[in-house]
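Just below is one structure, and these are the notes that go with it.
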Amino acid sequence: MEPVRTCVGCRMRASRSSLLRVVSQNNTLLVDERAVLPGRGAWIHPTQECMEAALRRRAFGRALRVSTAVNTQTIEKRLNGYGNKVNGSK
Ligand SMILES: [Zn+2]
Numbered sequence: 004m005e006p007v008r009t010c011v012g013c014r015m016r017a018s019r020s021s022l023l024r025v026v027s028q029n030n031t032l033l034v035d036e037r038a039v040l041p042g043r044g045a046w047i048h049p050t051q052e053c054m055e056a057a058l059r060r061r062a063f064g065r066a067l068r069v070s071t072a073v074n075t076q077t078i079e080k081r082l083n084g085y086g087n088k089v090n091g092s093k
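To convert a position in the sequence shown, counted from 1, into the working numbering, add 3.
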């Protein structure tokens, strides 16, 4: 059985491999491609919908236990490219 995580965007449970791990370092969100970065991680579907939902509800701040506003530009940029790639496969 694959470990299951909850997406911070849509709150649905999904297998780890179908979600993207996000960590906060120095108040900047980083996409943890290989799920190896230390610390608390938030999991999210690599889709525009979940990304927007998570940003709108500030779900990352809550999931990662950071009270201050986190810089989400890095992940927003990253996800735009990622979504296209994902949609092209399978
Ligand atoms: Zn989701």
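Yeah, the Cβ is synthetic: ideal placement off N, Cα and C, and Gly gets one too. Here the structure is a predicted model, which is why all the values come from computation and not from measurement.
Top-ranked residue by Cα proximity to residue i, from the options
i	options	result
P6	S18, G12, R14 and C13	S18
R43	M4, V34, G12 and C13	V34
Exposure label - residue i; buried when at least 16 CB within 10 Å
i	result
S20	exposed
T75	buried
V25	buried
Own chain, CB closer than 6 Å to residue i, minus 5 neighbours either side, in chain order
i	result
S9	Note that residue 9 is Thr in the sequence shown here, rather than Ser. Closer than 6 Å at Cβ, skipping near neighbours: R16.
A45	V11, V25, F63, A66 and L67
Residue i: first and last residue of the uninterrupted alpha helix (DSSP H) it sits in
i	result
A56	Q51 to R59
R24	Looking at the DSSP string, R24 is not in any alpha helix (DSSP H); the run it does join, the beta strand (DSSP E), is L23 to Q28.
R68	From DSSP, R68 is part of no alpha helix (DSSP H); its letter is neither H nor E.
CB contact check: residue i to chain B, cutoff 8 Å
i	result
R14	The chain inventory of the structure shown lacks chain B, comprising one protein chain alone.
First and last residue of the uninterrupted beta strand (DSSP E) at residue i
i	result
A38	Looking at the DSSP string, A38 is not in any beta strand (DSSP E), and its letter there is neither H nor E.
R16	R16 to S18
R8	V7 to T9
Own chain partners of residue i with C-beta closer than 7 Å, once the 5 adjacent residues on each side are dropped
i	result
P41	none
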